[in-house]
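*Asks:* In our numbering, the protein residues as written are 12 to 428.
#1: Use the C-beta contact count for residue 333: other C-beta atoms within 10 angstroms, 16 or more gives buried, fewer gives exposed.
#2: When we look at the beta-carbon of residue 34 and count the other beta-carbons within 10 Å, is it buried (16 or more) or exposed?
#3: Report the residue from 96, 13, 69, 41 whose alpha carbon sits nearest the alpha carbon of residue 30.
#4: Quick one: measure Cβ to Cβ for residue 6 and residue 204, integer angstroms, because I've assumed they're closer than 8 Å.
#5: For residue 117, which residues in the same chain have their Cβ closer than 6 Å to its Cβ, ignoring the five residues on either side in sequence?
#6: Any idea which residues DSSP pairs residue 91 with across the strands?
#7: Check this for me: beta carbons of residue 165 and residue 144, under 9 Å apart or not?
#8: How many Å lie between residue 428 and residue 44 at the Cα?
#9: With distances taken between CB atoms, is the gap from residue 186 to residue 24 smaller than 9 Å?
#10: Would you be able to state if there are at least three C-beta pairs under 8 Å between the segment 173-182 and the segment 373-383?
#11: Would you call the segment 233-242 and the segment 305-312 in contact, with 3 or more CB pairs under 8 Å?
#12: Rounded to a whole number of angstroms, what is the C-alpha to C-alpha distance between residue 136 and residue 268?
#13: So what does DSSP say about residue 333, is it helix, strand or coil?
#14: Could you check whether the segment 156-165 touches the segment 187-197, counting it as contact only if at least three pairs of C-beta atoms, one from each stretch, sit closer than 8 Å?
#15: CB-CB under 7 Å to residue 371, same chain, minus the five flanking residues each way: which ones, in chain order?
#16: Pull the bridge partners of residue 121 from the DSSP assignment, please.
#17: Who pairs with residue 263 in a beta bridge, going by DSSP?
#18: Alpha carbons only, please: which of 324, 220, 250 is nearest the one belonging to residue 384?
#19: Report the rounded CA-to-CA distance for residue 3 versus residue 179, giving the unit in angstroms.
#20: Roughly how many angstroms separate the alpha carbons of residue 423 and residue 26, rounded to a whole number?
#21: Cutting at 6 Å between CB atoms, please list the residues of its own chain near residue 425, excluding the five before and the five after it.
#22: Can you give me the start and stop residues for the alpha helix (DSSP H) that residue 177 sits inside?
#23: Between which two residues does the beta strand (DSSP E) harbouring residue 295 extend?
#24: Less than 9 Å between the beta carbons of residue 336 and residue 353, yes or no?
#25: Whose CA, out of 297, 159, 89, 329, lies closest to the CA of residue 112?
#26: Tell me whether residue 382 is buried or exposed, calling it buried when 16 or more other Cβ atoms sit within 10 Å of its Cβ.
#27: Tell me, please, whether the segment 314-322 touches the segment 277-295 by the rule of three or more beta-carbon pairs shorter than 8 Å.
#28: Going by C-alpha to C-alpha distance, which of 198, 214, 197, 123 sits closest to residue 182?
#29: If you check the beta carbons only, do residue 270 and residue 283 fall under 9 Å apart?
#30: Beta-carbon separation of residue 98 and residue 147 under 9 Å?
#31: Would you report the Cα separation of residue 435 and residue 115, rounded to the nearest angstrom?
#32: Hey, residue 230 and residue 202: beta-carbon distance below 9 Å or not?
#33: For residue 19 and residue 13, I'd like the C-alpha separation in whole angstroms.
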C-alpha cells in the first residue's frame, strides 16, 4: 500500500474527529416540555408498558432496528489476532455498512474474553438491548461454539457473518457460474482450500443446494481432510472424505470448482491447468487472492473467475448480504436467521444478477453495459435493487418457516398465504 494512501486512511479515521460512527437523537429536544417527555416524568409511561408486556420494547425503543456488531478481534480479515481494541475500526466500518445500505443502527462492541464461555456470557447478558447480533472476526473453531450457543440461548437473530454471509454470496455466485459453465451442482467436484469459518459454512450451504458430500474436498494446512486423519475437530470431521488423495494438487486434478478462503498465491497455474473443462475459480483471499486473475486467465481461457476484490469482475462481497438479511429479519422480528432465510437470500441474489442492470449501476461503475455472463455472475454492491429484493425474500422465508413474530407489509402477507 503506498505511503500516501496509508496516511489518507489514517486521516480519514481521525479527522475532523476520531472514528466513523456516532449517535443521533430521533425526537425533538428543544423545550422544557420535550425534556419532560424524553426523560422524567414522561419516560415512566413506556417503562410501565414494557414492564407489563416485554414485547412493547419494540414499540417504544430503538431495539427493533438496533444490531450489535461484536468481536474479540481474534481473526480480523487480513490482520489475524490483533485483539479487541485494534479490531474496533473494522467493527465501526461494519456499522457504517449496516447504516448506509439498510438503514440499520449499530453499536459496535469489542469484547475481551478469556474463553468462549466468557464471550457467550457477555453477549447473552447484553442481548436485551438489541434486535439482532452480528458476530464478527472470531477465530475458528471458537466461532462455531459461540454462535451455536447464542442461537440456542437467545430469541433474536444471531449471525456470524464470516461464516454465513460469505457462504451466502459464494453460493449465489456459484449457482450462476455453474449454469454458465453448463455444470450441475449435484455432479460438480468442489475443492475448498481453507477449513475455517467461511470454508465450512460455504460447504454446508452448497450441500443444502444439492452438492454431494463425497464430491467436496476440503483442505487445511495438513492437506485433504479425510477419514484417516486423527487430528480433526468435530467441525472438520463433518467433511472428512474417504479417499487416497492427500494434496491440493491431487484434489484439483479434474475438479470442476475451486473455492479459496485461505491465503495469497496458493494456487499455481500448473494446478489450475489440471482442472476439468470449463472450471470455476473463486480465489477469495483478500487483498491478495490465491491466484491473480491475470495469471488464471492466461492459464485457462475457459474459466469463470471471482475474487474478493472490487477492482476485478465478480467480487464476492459480504455487503451484498448481511445488511439486507438483517433488514428482512428485523422487519418481521425473526427469532433467528435460519437456513431457509439464508437460502432465500442466495436465490434472490442469484436471480437479481440475471435481470437487466439499471443505468445508475452502470454509471457508478463507469460501464457502458453490464449483463449476465462470465464477468457478471453476482450483483454489484451499489445496486439499488438489493434493498427492495433481498429483505423481502428473507422476510418471506422467515414467515413461511415459522420464525417471524410480526407480519411485514401486505405484499409478503398475501404471498405467504
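Note that the Cβ used here is the ideal one computed from N, Cα and C, for glycine as well.
*Replies:* In short, the structure shows the following:
#1: Within 10 angstroms of the beta-carbon of residue 333 lie 16 or more other beta-carbons, which makes it buried.
#2: By the 10 Å Cβ count, residue 34 comes out exposed.
#3: Ranking 96, 13, 69, 41 by Cα distance to residue 30 puts 96 first.
#4: With the chain covering only 12 through 428, there is no way to say anything about residue 6.
#5: Same-chain partners within the cutoff: 78, 80, 106, 109.
#6: Per DSSP, the beta-bridge partners of residue 91 are 87.
#7: Cβ distance < 9 Å, so residue 165 and residue 144 count as in contact.
#8: For residue 428, the pLDDT reaches just 49, beneath the cut-off of 50, and the residue's location in the model is therefore unreliable, although a value from the coordinates is still provided. Taking the straight line from one Cα to the other gives about 46 Å.
#9: The Cβ atoms of residue 186 and residue 24 do not sit closer than 9 Å to each other.
#10: Output reads no: the segment 173-182 does not touch the segment 373-383.
#11: They do not touch, by the three-pair rule.
#12: So the alpha carbons of these two residues sit roughly 43 Å apart.
#13: Three-state DSSP puts residue 333 in a helix.
#14: No: fewer than three Cβ pairs fall under 8 Å.
#15: Cβ contact annotation for residue 371 (same chain, cutoff 7 Å, sequence separation greater than five): 395, in chain order.
#16: Beta-bridge pairing by DSSP links residue 121 to 82.
#17: Residue 263 pairs with nothing; no bridge assigned.
#18: Ranked by how close their Cα comes to the Cα of residue 384, the residues 324, 220, 250 have 324 in first place.
#19: The first residue shown for the chain is 12 and the last is 428, placing residue 3 beyond what the model contains.
#20: With a pLDDT of 47 at residue 423, under the threshold of 50, the modelled position of that residue is not reliable, and the figure given next carries that caveat. Their backbone Cα atoms lie some 44 Å apart in a straight line.
#21: Residue confidence for residue 425 is low, a pLDDT of 48 falling below 50, so the modelled location carries little weight; the figure read from the coordinates is stated next. Excluding residues within five positions, none has a Cβ falling inside 6 Å.
#22: Where residue 177 is concerned, the enclosing alpha helix (DSSP H) starts and stops at 177-191.
#23: No beta strand (DSSP E) contains residue 295, which DSSP labels as neither H nor E.
#24: Yes, these two residues count as a Cβ contact at 9 Å.
#25: Minimum Cα-Cα distance from residue 112 among the listed residues 297, 159, 89, 329 corresponds to 329.
#26: Exposed.
#27: Contact between the segment 314-322 and the segment 277-295 is present, because at least three Cβ pairs lie under 8 Å.
#28: Here the closest residue by C-alpha is 214.
#29: Result no, Cβ atoms of residue 270 and residue 283 do not sit closer than 9 Å.
#30: Cβ atoms of residue 98 and residue 147: closer than 9 Å.
#31: Residue 435 falls outside the range modelled here, since the chain spans only 12 to 428, and no answer is possible.
#32: Against a cut-off of 9 Å, the Cβ pair of residue 202 and residue 230 comes out as a contact.
#33: Between the alpha carbons of residue 19 and residue 13 lies a gap of roughly 10 Å.
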